[in-house]
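Chains as they are written, first to last, in the working numbering: chain V, 40 to 199; chain X, 367 to 600; chain S, 14 to 670.
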């Protein structure tokens, strides 16, 4: 009797893995609405602010996963109870850790991340200033005019 | 392969110098010797450098890259746990909860009934593949250990849950049902199965994300339980 | 038979790549001209072998050969022919083969199109490319062989990922990879220049067309991906700052800086070591992007199936290739000097600002993308970074960049002469600002400060870019293709900025629940669900909804969004219904069956989104057009340099001849 086909367990495992992971990002189109437009606006803003805890890199608003729907329901409940946005954030972070936020918190720990572009900009300005100062000083010594793509005209007054 | 490349570079340098001497013309490599006649317009001094040797700032990109490579390497080492959320509940009080019992006729069960006791909370569903994988292990645990194993049947159909337990066995001391997930979210659960260990003071001591295995049980759960509970011994 | 042939061809290709690398580097180094010429044969041989391997795999797909594991994983007996071929790059192994094929193609084109360049230099370029090919081929053969067999063969395949069964996504990887891989050419030119120890900047002139071509392909590839995301993923988003998206965006940002820096080095011999560094950096980011996508270290929608052992292998390759190039840089860069000067308001200054700001933007995106890894490496626990971080930090360097573009475009080399252009600069700014305010207040009746800023900047860029060409035409001067190409590319950028300034703040999006015959108001339009019915495709069954959209009582269009279930993988895919109304998209996607004939739908009104695709297309077109410039038809190279020019170009050309 031949050994069972070797591809079987492999394909089965792959299928199982795909199904278990829900490999396709499931879409969430969730028309449930809160009646109060202000609450609704806060709800939309909040659900776009959080990461779906189980999906790969989707917002809570966009995710079709079961958990995401349940967390959205929880947020609606909390909004109706009158909790503030910060309280809701605090609730979710205390259960799902900072992973659930798309926006890194403004904390000392994350300071390097938020300050990175500002620091780089400062360094950039400093470097640019140094280079330009050095090069501007050389302009006089450098007599040759630059071969320009723009042919001679009153604008440049360079020799032809 | 790369070693060969580096070797060629050394040969290249010698070769270039040799060719310059031979050809006497086309300048390939500025070595502090007579300035080449193209860009420098006859000026012998390089624009901004001084003659004395100083820190080669051009090594910075290489150093930065090696630092990044180190971070990436650490990333690979940790990549098995990408997407697994480290539970912030560990070391914190477990949430108070109360849910209807499966086939309990309206009876509820919850943290009040478990106050002052060690217990293991397992979130599962009949729809969940990995739960089937760990079911065997849960049955073994329920037989070998006397710590209460409480199940929360998440987002499930009661009839299907009943069938599941009837067919595969019921390891749970008590099975409760959470249809809309409000309790489960309180525990920071984002998938099934997940298993928690709670101590008599009501603190969450450990959380297992994914299927329970004998190794994890021994290392993380049984090791923390008092001996009397971990092993029935009978 | 075919898979064995393909496998064998791949092994031969790897050996030929190794020879190509060896002859290309050792030949010039040791002065062996026979080896230098042998490099060409190795290039040709490698291309033939790689093409053979790819051909074998494609035929295996076309012939439903499910004994090949990769075919079984990505195809199915019901898969249409077009997608059977596109399945080649449907997963990790095949997409690597695509990389290798494109690298071999670019290498061959370089070998053919550089007839007039010094043979030894070209050999070095081909040698470095050969080293890169060798690395990829070795990695593929050892860890990701697409020709592995299943014994016995599977009875049927598990079908191509439904997401990829779409013409947009089928074409996205080849175009994108052409750009990614094209940056390797600039990388190789830089390495060759460093290996040779060249002090003169002529290599920058040679590199320019290659960098521009790669950049243009990358622009197209990223835009295709973004467009595809928009109409296929069902929630109408086009950019999520996802790690994989960032992985393609960073090389693009650096590539843009590179083409500008090359212009300065070519024209004035300045920024030589910086341009070398950028050339290395561009492709390095491509490589790092490849790593991020395939190693599983980051959380992303788009990554291939993760495998840490593959990640390790890629990382080793990265360290050798990038580390090697950067070591070369550390060795050679200190010797590169120039004494050219320029004033504060000169074109060089503005290009310096351009480079600095683009690199800051790339570094910020890089930091944000890698932040979760860095936090973990430092033992800090989870850090999650998404759009709320990237948006403000990206705008910080980019907004000044856009403004400086409109000013700098008037500056001439070395002395700037901006004083003569002040009127034009201010006039264009004023017109752009006026138009922006008119649009925001008049058309959209919404006060969004960033929209005004964006519209002004975008409009200013377009107007400024037009001044010089119009001036030339008025004075009956020639308009070289490179200038026209540059103008078109800048205008394209302006168009894209305008599009973003309108789409982002003024999109209306609502999730609605409708039953048959019910309608809902979204923005200025009414969406009415007529009904749904079941349809069948070649390998899927679907529910198709009929949605009528009207405005003020007049029917504008009928859309047919679908929700498909693919039989084999049991995955659900969506096809949104989109209608373009004078540049605005009316978008509707089908959601879930809510029971009793009610369905949830996502409706979006996306104003001016067509410009969001047109802008980058124009940019890429401008890039390609600039490549057809006279100076790249090298037959005329000697004549186009003015006789008495004391500039570097003249001397270098004479030395070359």
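Backbone N, C-alpha and C fix where the C-beta goes; we use that ideal spot for every residue, glycine too.
Within a 10 Å sphere around the beta-carbon of residue 537(X) sit 16 or more other beta-carbons, which makes this residue buried. For secondary structure counted as the alpha helix (DSSP H) over 4 or more consecutive residues, the region 106-178 of chain V holds these complete runs in sequence order: 124-135 and 150-177. Of all residues in the region 546-557 of chain X, none is placed with a Cβ closer than 8 Å to any Cβ belonging to chain S. Between residue 270(S) and residue 360(S), the C-beta spacing is not below 8 Å. Following the DSSP letters along the chain, one finds residue 612(S) inside the beta strand (DSSP E) bounded by residues 611-619. Secondary structure at residue 342(S): helix, using DSSP grouped into helix, strand and coil.
For residue 516(X), no chain V residue has a Cβ inside 7 Å of its Cβ, as the nearest lies near 19 Å away. Here residue 336(S) is not near residue 595(X), since their CB atoms are 8 Å or more apart.
Legend: CB atoms of the region 377-405 of chain S lying less than 8 Å from CB atoms of chain X belong to residues 383, 386, 387, 389, 390, 394 and 395.
Straight across, the Cα-Cα distance linking residue 177(V) with residue 352(S) is about 7 Å.
Sorting 160(S), 382(S), 426(S) and 578(S) by C-alpha distance to the C-alpha of residue 282(S) places 426(S) at the top. At the C-beta level, residue 592(X) and residue 136(V) stay beyond 8 Å of one another. In the DSSP assignment, residue 87(V) falls within the alpha helix (DSSP H) that extends over 76-88. Between residue 544(S) and residue 611(S), the gap from beta carbon to beta carbon reaches 8 Å or more. Spatial neighbours of residue 217(S) in its own chain (CB-CB distance under 7 Å, excluding positions within 5 residues in sequence) are listed in chain order as 275, 278, 279 and 288.
Taking the beta carbon of residue 452(X) as reference, the chain V residues within 9 Å of it are 136 and 138, listed in sequence order. With 16 or more other CB atoms across the displayed protein chains lying within 10 angstroms of its CB, residue 510(S) is buried.
Setting aside the 5 residues that flank it on each side, residue 40(S) is surrounded in the same chain by 48, 49 and 136, each with a C-beta closer than 6 Å to its C-beta; the list follows chain order. For residue 578(X), the three-state secondary structure derived from DSSP is coil. Residues of chain X whose Cβ lies closer than 8 Å to the Cβ of residue 310(S) are, in chain order, 438, 441, 442, 444, 445 and 448.
Fewer than three Cβ pairs drawn from the region 535-542 of chain S and the region 158-174 of chain S lie within less than 8 Å of each other, which leaves the two stretches out of contact.
The three-state secondary structure of residue 429(S), taken from DSSP, is strand. Contact holds between the region 182-190 of chain S and the region 223-238 of chain S, because three or more Cβ pairs, one in each stretch, are under 8 Å apart. Taking each of 533(S), 389(S) and 378(S) in turn and checking the Cα distance to residue 452(X), the smallest one comes out for 389(S).
By the criterion of a C-beta distance shorter than 6 Å, residue 495(X) is surrounded by no residue of its chain, once the five residues flanking it on both sides are discounted.
For the region 346-359 of chain S, residues whose beta-carbon sits nearer than 7 Å to a beta-carbon of chain V comprise 352, 353, 354, 355, 356 and 357. Between the C-alpha atoms of residue 511(X) and residue 567(X) there is a straight-line separation of about 20 Å.
Rounded to the nearest angstrom, the gap between the Cα atoms of residue 478(S) and residue 81(S) is 54 Å. A residue is called buried once 16 or more other Cβ atoms fall within 10 Å of its Cβ, and residue 474(X), having fewer, is exposed. In the structure shown, residue 274(S) falls within a helical segment according to DSSP collapsed to helix, strand and coil. Residue 292(S) and residue 203(S) do touch by the CB rule: their CB atoms are close to 4 Å apart, below 8 Å.
Within the region 274-288 of chain S, the residues whose Cβ lies closer than 8 Å to some Cβ of chain X are 282 and 286, listed in chain order. For residue 398(S), the CB contacts under 6 Å within the same chain, skipping 5 residues up- and downstream, are 381 and 384 in chain order. In this structure the region 603-623 of chain S does not touch the region 481-493 of chain S; the number of beta carbon pairs closer than 8 Å is below three. Contact holds between the region 97-115 of chain S and the region 67-77 of chain S, because three or more Cβ pairs, one in each stretch, are under 8 Å apart. Remark: fewer than three beta-carbon pairs, one from each stretch, lie closer than 8 Å, so the region 333-350 of chain S and the region 254-272 of chain S are not flagged as touching.
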